[in-house]
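Enquirer: Residue numbers (this note's numbering): 59 to 342. By construction, the Cβ of each residue, glycine as well, lies at the ideal position given by its N, Cα and C atoms. The structure displayed is predicted, hence computed values, not measured ones.
Spelled out as structure tokens, the structure:
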């Protein structure tokens, strides 16, 4: 009996261990994965999330008042729409080039930080366009500054995807989903922030137009030293980073499933953003 009891207990123990192993193999939920991260990883996620939110808010904050500025200079809504659209066009063209050719040559960290610096600085410069009275000069500078801002955004956005894939391979979906959530939140709250700062600061020395761009551009620049401290140093010889950077976005976009996703994303974005340059006059 003692031998039988011993064998029974061994079997029970073995079955318990197998159950525990099966439980460990089961995938954990998104939030449980994030909660289990060390403090530095959590801080990195927060820093990147703030960057995504601020960059998206800088993109969208001019929607409530920029058409008014364009109209006050005797320009049409078409010009306003073209200024809005040049941002996405430049990012579409520049992102594959930066990922394929620029980052492998000058380094991932440099591209990321310089992209943040470029985007924040151009956001502040866009606020200075209020002082330009000549309409041709205003339009020309608006295109130049916003295109340069898009170039910086393409740089840090492309580099950040590599950072995420390299630093968080075990929870890539959770990380990307979290960052996309904050980016969407920035696009949602950007017009609210821009309109609020524009209205509040009309009677201040900064004027109604300048403060939204100065505030959000400065906030974006403040993320640079934080990300410099938190983000890992990835060597150019690292195998994973080489694979990520050398994979062609054009080849990926030729995959049938990727083509469907790209068309759906482009259509959805167009449906959401076409109203930005034309809706403001109807709110008066």
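Give me, in chain order, the residues of the same chain whose beta-carbon lies closer than 8 Å to that of residue 278; leave out the 5 immediate sequence neighbours on both sides.
Expert: Along the chain shown, one-based indexing puts residue 278 at 220. For residue 278, where only same-chain residues beyond five positions count, the Cβ hits under 8 Å are 109, 112, 113, 116, 174, 177, 178, 181.
Enquirer: Does DSSP put residue 135 in a helix, a strand or coil?
Expert: Within the chain shown, the letter at position 77 stands for residue 135. Residue 135: helix per DSSP, three-state reduction.
Enquirer: Thinking just about the alpha-carbon of each residue, which of 172, 201, 131, 211 is nearest to the one in residue 286?
Expert: Mapped onto the chain shown, residue 286 falls at position 228. Closest option to residue 286, Cα to Cα, is 172.
Enquirer: Does the separation of the CB atoms of residue 220 and residue 161 fall below 9 Å?
Expert: Translated into positions along the chain shown, residue 220 becomes position 162. Translated into positions along the chain shown, residue 161 becomes position 103. Yes, these two residues count as a Cβ contact at 9 Å.
Enquirer: Any idea what DSSP makes of residue 119, helix, strand or coil?
Expert: In the chain shown, counting from the first residue as 1, residue 119 sits at position 61. Coil at residue 119, not helix or strand.
Enquirer: Could you pull out every unbroken alpha helix (DSSP H) segment of at least 4 residues lying fully inside the region 186 to 225, listed in chain order?
Expert: Listed in chain order, the complete alpha helix (DSSP H) runs (minimum 4 residues) inside the region 186 to 225 are 193 to 225.
Enquirer: Here's a check: name, in chain order, each residue in its chain whose Cβ is nearer than 7 Å to the Cβ of residue 197, leaving out the five neighbours to either side.
Expert: To locate residue 197, count along the chain shown from 1; it is residue 139. Closer than 7 Å at the Cβ level, and outside the excluded window around residue 197, lie 133, 137.
Enquirer: Answer yes or no: do residue 199 and residue 148 have a C-beta to C-beta separation smaller than 9 Å?
Expert: Position 141 of the chain shown, counted from the start, is the residue given in the question as residue 199. Position 90 of the chain shown, counted from the start, is the residue given in the question as residue 148. Not a contact, by the Cβ cut-off of 9 Å.
Enquirer: Would you mind reading off the limits of the alpha helix (DSSP H) that contains residue 232?
Expert: By one-based count along the chain shown, residue 232 stands at place 174. First-last of the alpha helix (DSSP H) with residue 232: 230 to 258.
Enquirer: Less than 9 Å separating the beta-carbons of residue 106 and residue 222?
Expert: As a first step, residue 106 is located in the chain shown; it is residue number 48 there, counting from the start. As a first step, residue 222 is located in the chain shown; it is residue number 164 there, counting from the start. Yes, the Cβ-Cβ distance between residue 106 and residue 222 is below 9 Å.
Enquirer: Which of helix, strand or coil does DSSP assign to residue 277?
Expert: Taking the first residue of the chain shown as position 1, residue 277 is located at position 219. Looking at residue 277 - three-state DSSP - the assignment turns out to be helix.
Enquirer: Would DSSP call residue 165 helix, strand or coil?
Expert: For this step, residue 165 is matched to residue 107 along the chain shown. If DSSP states are grouped into helix, strand and coil, residue 165 belongs with coil.
Enquirer: Can you name the start and end residues of the alpha helix (DSSP H) that residue 96 belongs to?
Expert: The residue labelled residue 96 in the question sits at position 38 within the chain shown. Careful: residue 96 lies outside any alpha helix (DSSP H) and carries neither H nor E.
Enquirer: So what's residue 270 in DSSP terms, helix, strand or just coil?
Expert: Start at 1 with the first residue of the chain shown, and residue 270 comes out as number 212. Three-state result, residue 270: helix.
Enquirer: The ligand COA and residue 258: does any heavy atom of the ligand fall closer than 8 Å to the residue's C-beta?
Expert: This structure simply doesn't include the ligand COA, nor any ligand for that matter.
Enquirer: For residue 207 and residue 145, what's the separation of their Cα atoms in angstroms?
Expert: Here residue 207 corresponds to residue number 149 of the chain shown, with the count starting at 1. Here residue 145 corresponds to residue number 87 of the chain shown, with the count starting at 1. Going by the C-alpha atoms only, they are around 8 Å apart.
Enquirer: With burial defined as no fewer than 16 other Cβ atoms inside 10 Å of the residue's Cβ, what is the status of residue 314: buried or exposed?
Expert: Working through the chain shown from its first residue, we reach residue 314 at position 256. So residue 314 ends up on the exposed side.
Enquirer: Do residue 252 and residue 122 have their C-beta atoms closer together than 9 Å?
Expert: Your numbering for residue 252 matches position 194 in the chain shown. Your numbering for residue 122 matches position 64 in the chain shown. Contact flag set, yes.
Enquirer: Between the Cα of residue 104 and those of 317, 129, 284, spot the shortest distance and give me the residue it belongs to.
Expert: Stepping through the chain shown from its first residue, residue 104 is reached at position 46. Nearest option by C-alpha distance: 284.
Enquirer: Output yes or no for whether 9 Å exceeds the beta carbon distance between residue 169 and residue 184.
Expert: Mapped onto the chain shown, residue 169 falls at position 111. Mapped onto the chain shown, residue 184 falls at position 126. Their beta carbons are not under 9 Å apart, which means residue 169 does not touch residue 184 by this criterion.
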